[in-house]
Amino acid sequence: ITRTVIRVELKIDPDFAFDEKLHGYASPFWIIVEDVDGETILHHEFFILKKQFAKEAHSVSFTVPIHEPVPPQYFIRMISDRWLGSETVLPVSFRHLILPEKYSAPTELLDLQPLPIHELQHEKF
């Protein structure tokens, strides 16, 4: 989005058998984005996987800050809110990331003539 903010589009594809007896009608998860060292949480949000959508892919979009020098990667964790040890980690590499220019050029002012006031068709003018 900018030189200091990037948008992440995460596709979530459930890879487990959803059992209503074990999971109920929904299964809650945490999505956490960590820096390269795993010391700073850059983003977190709660995601609920409902039973009727358990076999479908889901998309989650969010923004995270990025600082210079650009880190080699961030880590996205998806952790079950109910089941211990039920998590997955996805590294997101910035090796080929191209950031926008640091100072973008201003837009040139066009030499245009303003409209006459009567063109506004307003009673007060």
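So for the sequence shown, the numbering used here puts the first residue at 1088; every next one is plus one. All C-beta atoms, glycine included, are put in the ideal place defined by N, C-alpha and C.
Nearest-angstrom beta carbon gap, residue j and residue i [assumed within contact, 8 Å]
i: Ser1146; j: Leu1097; result: 7 Å
i: Ile1119; j: Phe1134; result: The Cβ separation is near 11 Å, so there is no contact.
i: Ser1114; j: Leu1136; result: 5 Å
i: Pro1187; j: Thr1089; result: 6 Å
Within 8 Å, strictly: CB atoms of residue i and residue j
i: Val1095; j: Val1157; result: no
i: Phe1116; j: Ser1167; result: yes
i: Arg1182; j: Pro1201; result: no
i: Ile1099; j: Ala1144; result: yes
Endpoints, the beta strand (DSSP E) within which residue i is located
i: Leu1109; result: Element bounds for Leu1109: not the beta strand (DSSP E) but the alpha helix (DSSP H), Glu1107 to His1110.
i: Leu1177; result: Glu1174 to Ser1180
i: Ile1093; result: Val1092 to Ile1099
i: His1130; result: Ile1128 to Lys1137
i: Gln1160; result: Gln1160 to Ser1167
i: Trp1117; result: Ala1113 to Glu1121
i: Phe1149; result: His1145 to Pro1152
Backbone CA spacing between residue i and residue j [nearest angstrom]
i: Pro1203; j: Lys1211; result: 14 Å
i: Pro1193; j: Glu1155; result: 23 Å
i: Gly1111; j: Val1092; result: 37 Å
i: Leu1207; j: Leu1199; result: 17 Å
i: Leu1171; j: His1131; result: 18 Å
Original post:
Okay, do the stretch 1104-1113 and the stretch 1158-1167 touch, 3+ Cβ pairs below 8 Å being the bar?
Top reply: no
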